[in-house]
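Novice: Handing you this structure, nothing more for now.
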Amino acid sequence: MTREEAILEIDCILFEQDHPNRKELRKALKQPVTLADFLGLEEGQEYNWKGTTIKIEKNNIYEKNEKCSSNWCNFYVSGEELLDLRQAKKVEPRYLLQTDLTSENGVQYLSFDKKRMKYFMGALMTSENVQQKFTDSEISKIKLITRFAKLCEKIE
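Counting with the numbering used here, you get residues 3 to 158 for the letters of the sequence shown.
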């Protein structure tokens, strides 16, 4: 059965049942399939695919790249790779944990020193050894480990 045949079949069923939203449903079904729907991904959601962070917006694929002005560049895949994008894994959003404490360096954030394996409050920084953005599941664990988390507000 083709897509058009399926739409007609559904329309007949809805007509027989005198469905109140029949016209709206038919109109929605006649809309072209979006790239995100085709791939089974969510529009605007970040995914990891073969080590690259990607997202789909308005039927375009973008990769996270700090060299681009918006941090997102067009991402091109071959026809063979397109279907492989269905294997992309959703990236959990990460949040800063901001306190209402300030210092001469500004607002303080919950930070994790990866070498010493300790949490501390610090200004925003860029360091391979310091993590300052955390997923919801990491935040839940942090709240069990340190009292600092109770002083923090989750921000994007």
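Note that beta-carbon positions come from the ideal geometry of N, C-alpha and C, so glycine has one too.
Would you call the region 111-126 in contact with the region 78-97, where contact means no fewer than 3 C-beta pairs closer than 8 Å?
Specialist: No: the two stretches stay apart, fewer than three of their Cβ pairs being nearer than 8 Å.
Novice: Any idea what DSSP makes of S105, helix, strand or coil?
Specialist: It is a strand residue.
Novice: Please report how far the alpha carbon of I141 lies from the alpha carbon of V132, in whole angstroms.
Specialist: I141 and V132: Cα-Cα distance of roughly 16 Å.
Novice: On the criterion of 16 or more Cβ atoms from any shown chain inside 10 Å, does I147 qualify as buried, or is it exposed?
Specialist: Exposed: under 16 other Cβ atoms inside 10 Å.
Novice: For the region 64-83 against the region 29-42, do three or more pairs of beta-carbon atoms, one drawn from each stretch, fall closer than 8 Å, so that the two count as touching?
Specialist: These segments do not touch.
Novice: Between L43 and the rest of its own chain, which residues show a CB-CB distance below 7 Å, the 5 nearest in sequence each way excluded?
Specialist: Excluding residues within five positions, the ones whose Cβ falls inside 7 Å are Y49, I58 and A90.
Novice: Less than 8 Å between C-beta atoms, sequence neighbours within five positions excluded: which residues of the same chain meet that for I9?
Specialist: Excluding sequence neighbours, I9 sits near R28, L31 and K32.
Novice: Could you check how far apart the C-beta atoms of I56 and E65 are, in whole angstroms? I think they sit under 8 Å.
Specialist: Indeed they touch by this definition, with Cβ atoms about 5 Å apart.
Novice: Assuming Y1 and K145 make a contact with CB atoms under 8 Å, what is their CB distance in whole Å?
Specialist: Absent from the model: residue 1. The displayed extent of the chain is 3 to 158, so no value can be given.
Novice: Assuming the contact rule is C-beta atoms closer than 8 Å, N67 and N61 should be a hit. Round their C-beta distance to whole Å, please.
Specialist: Not a contact, Cβ separation roughly 19 Å.
Novice: If I measure Cβ to Cβ from N107 and keep anything under 7 Å in the same chain, skipping five residues before and after, which residues do I get?
Specialist: If we look at N107 and ignore the five residues flanking it on each side, its Cβ neighbours are A125.
Novice: Quick one: is Q110 buried, meaning 16 or more other Cβ sit within 10 Å of its Cβ, or exposed?
Specialist: Q110 should be labelled buried.
Novice: I think M123 touches T137, with their Cβ atoms under 8 Å apart; what is that distance to the nearest whole Å?
Specialist: Not confirmed; about 20 Å, so no contact.
Novice: Note down the Cα distance separating M112 from T4, rounded to an integer number of angstroms.
Specialist: Note that residue 112 corresponds to Leu in the displayed sequence, not to Met. Going by the C-alpha atoms only, they are around 54 Å apart.
Novice: Going by C-alpha distance, which of L153, S105, L103 and T128 is nearest D115?
Specialist: For D115, the nearest C-alpha among the options comes from T128.
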